[in-house]
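Read the structure below first, then the notes.
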Amino acid sequence: MKHLSATDAWTGDFLVEETLLSTDRFEEARHATAAWGSSILDTLLARNWIEPQSFYRALARRFAVEFVDLIEQPPDPLLVEESDVSHYMHELTLPWRRVDGRLTVATARPGPDAIRYVRHRWGSEVDIVVCTKFSLRMAIQNQFSAAYSHEAVYDLAEQDPEMSAQIVFTPMQLFVGWGLVSAAALGLYLRPVATLIAINLAMSLFYLGNFAFKAIVVWAGGARIQRRQALVDASASLLHDQDLPIYTVLVPMFREPEVLPILANALRKLDYPTAKLDIKIVLEAGDDATIAAAKALRLEQIFEIVIVPPSQPQTKPKACNYAFRFARGEYLVIYDAEDKPEPDQLKKVVAAFRQAPDNVACVQCRLNYFNRNENWLTRMFTLDYSLWFDLMLPGLEKLGVPIPLGGTSNHFKVDVLRELRAWDPFNVTEDADLGIRMTQKGYSVRLVESTTFEEANVSQRNWIRQRSRWIKGYMQTFLVHTRRPLHLARTVGPLGMVGFVFFIGGTMLSGLLNPLFWAIFLFWLVTGSSTFDAVFPPSLLHLSLFNLLAGNAMFVFLMMLAPYRRNWLEMVPYGLTVIWYWVLMSVAAWKGAWQLITNPFYWEKTTHGLSSHTAAEVALARAETQGHG
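Every letter in the sequence shown is one number past the one before it in the working numbering, and letter 260, counting from 1, is 260.
Dropping the structure here:
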């Protein structure tokens, strides 16, 4: 274990002498600081062991410099450069004022390291004042709020418009769509039977390809990447806290005050040096209830509340884009408010990044639900997620197919995220879109076997709202990345192109088409009518029946197979009831398609906290939070 630096030891002794810190608490802080490889300043603030204002005022006295409040005495806007904000946030130091030609710099981490940084950056003829972390962050946010708010919405659209969903349909897409509809209408007028047979054949072949490709993907994903995962696990266990980087955690929230204690408690349990966590709770201006709840928790200094200024569209990716500007970490992860990541997840991700090639820009962890057995819907949602994250995404990775990132627990290299201009605020499945865009830019995604547990929807109405947004986002993603089909094929490869068509296109198209084919089949089965015989010649009829019976039977089997990897065998029989789940999926698909036309950027809010398990989790988290404080 490393010993304290002379500065940290002196600072600790000084705080004890000032009666701001007890001797016992100083010993605890000393051990934590040595173990983490952090400063005693970061340790004390991370543990909430000292009141920040008193702490920084004492440090100012200790170093015989002035203490300033950057909210009441903001920095000179002519000195603070927007291009340097990432440096200011990382170093917690920025230029403050210039008096008689001499520069004064404000820092929230006074000491030799800060002095060296200041002299290297601005020269030796510089004065230093002390400020709090909070006031420094707020000063930056206040100065650049308008610019960052604009960039959060328009940066991608202005700098890389071909990758933005701001324009829903391009003129070429409208022209091609009009041409296809016109050709179909003309064909139905001139040769109706032949045209219907051609359309039916195209749809049947699409279904067959969709079934076949997903079967191959699941087969590929069924083979565990045991050796690589074993190396990740071993490397994670050998990581020294001193060598770990700062890690930014973004938690976007909107009207979710009730789950805040769960969030805070889950993040405290992360097996990561607390002083090296940069946690940003991202709240919307006007969400007074959640803002008040966050302030009432009196969270440690590792938690920072970022208020997103009002603007349209009001979406999760826009909020993340805004907060991302203030990230201090080398890596960054997104969690939802009710998420409970496994404690060693961050360490596993760091190990995975360090073992991976340089072009790996994102590590996707797995998602599942802590209330999986609450009712039928939560069980089906769990089977769905188990199939997706435990089998399909590993299959995509093994085959080299672009991975549409899912939900939360996406871990990024911050510098690459900046290069890619982060998330598309006009896309309501910004995660899936970013995964495809990342691949087109030459980067790749790795999967790590670490699970984040969250709350599964217990309400069918609420589930449809959520799923319709997801499918609408898949439609947006498909439209964006097919604007340049040759470019897409060239950047992702032939297999990647096939995977994109069936995973993104197939998910939305099957949901839209299923009701039509189900209705035709049921009508024929019940009535025995020959109404559709003309458009179902024998060979096409056999293909359609194969798709309907064998294809759907395969998906039923896959849903029953999905929980085996986690040994949740009690859930297997529920796979037989998946047909009603598909009906709900079709309802959501048609709702999403309608919204794509009428309200494409609307973020339909999913209500959280409805589960009885969540209420119990909140009660437990509140008790533990009080004990922690």
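No residue lacks a Cβ here, since even glycine has one placed at the ideal position from N, Cα and C.
Boundaries for ASP433: no beta strand (DSSP E) harbours it, while the alpha helix (DSSP H) harbouring it runs 430-440, taken from the DSSP string.
In chain order, ARG465, SER468 and ARG469 place their CB closer than 7 Å to the CB of GLU604, counting only its own chain and leaving out the 5 sequence neighbours on each side. With respect to LEU299, ALA264 sits close: the two C-beta atoms are nearer than 8 Å.
Contact between the segment 389-399 and the segment 211-225 is present: 3 or more CB-CB pairs across the two stretches fall below 8 Å.
The C-alpha of THR527 is placed about 22 Å away from the C-alpha of SER539. Within its own chain, the residues whose Cβ lies closer than 8 Å to the Cβ of ILE291, once the five positions on either side in sequence are excluded, are LEU283, ILE305 and ILE307, listed in chain order. The secondary-structure analysis by DSSP pairs ASN368 across a beta bridge with PHE453. The DSSP-derived three-state label of ASP336 is coil. Residue state for LEU239 is assigned as coil, using DSSP reduced to three classes.
If you draw a straight line from the Cα of LEU45 to the Cα of ASN371, it is about 34 Å long. With contacts defined as CB atoms closer than 8 Å, SER544 and PHE536 qualify as a contacting pair. Our two residues, ILE199 and SER145, have alpha carbons roughly 52 Å apart in a direct line. The continuous alpha helix (DSSP H) containing TRP376 extends over residues 376-387.
As the crow flies, the alpha-carbon of PRO341 is around 16 Å from that of PRO252. In the structure shown, the three-state DSSP call for ASP358 is coil. LEU297 carries a coil assignment under DSSP once its states are collapsed to helix, strand and coil. Less than 8 Å divides the Cβ of SER311 from the Cβ of VAL153.
In terms of Cβ geometry, THR33 and LEU4 form a close pair [threshold 8 Å].
Rounded to whole angstroms, the separation of the alpha carbons of VAL587 and LEU548 is 19 Å. Of the candidates VAL129, PHE324, GLU338 and ASP76, the residue whose Cα lies closest to the Cα of GLU617 is GLU338. Scanning its chain for C-beta atoms nearer than 8 Å, with the 5 sequence neighbours on each side dropped, one finds around THR11 the residues ILE40, LEU41, LEU59, ARG62 and GLY111, in chain order.
Here MET380 is actually not in contact with TYR564; their C-beta atoms are around 16 Å apart, not less than 8 Å. Counting C-beta atoms within 10 angstroms of its own C-beta, GLN143 has 16 or more neighbours from the protein chains shown and is therefore classed as buried. CA-to-CA, the gap between GLY592 and LEU260 works out to about 29 Å.
Cα atoms of ASN210 and ASP243: separation of roughly 46 Å, rounded to the nearest angstrom. PHE303: member of the beta strand (DSSP E) spanning 303-308, first to last residue. Apart from the 5 residues on each side of it in sequence, LEU576 sits with its Cβ closer than 8 Å to the Cβ of VAL556 and MET560 in its chain, given in chain order. Taking C-beta atoms under 8 Å as the contact rule, PRO357 and LEU270 fail to qualify, at a distance of about 26 Å. Per the C-alpha coordinates, the member of MET89, LEU541, GLN595 and ARG366 positioned closest to PHE324 is MET89.
In this structure, THR507 places its C-beta atom within 8 Å of the C-beta atom of TYR474. When the alpha-carbon of LEU332 is set against those of SER612, SER86 and THR248, the nearest one is in THR248.
No Cβ-Cβ contact shorter than 8 Å links PHE134 with PRO257.
Taking a contact to require three or more Cβ pairs closer than 8 Å, the segment 488-508 and the segment 396-406 qualify as touching. Note on TYR189: under 16 other CB atoms within 10 angstroms of its CB, so exposed under the neighbour-count rule.
In the structure shown, the three-state DSSP call for PHE67 is strand.
ASP533 counts as exposed, since fewer than 16 other beta carbons sit within 10 angstroms of its beta carbon.
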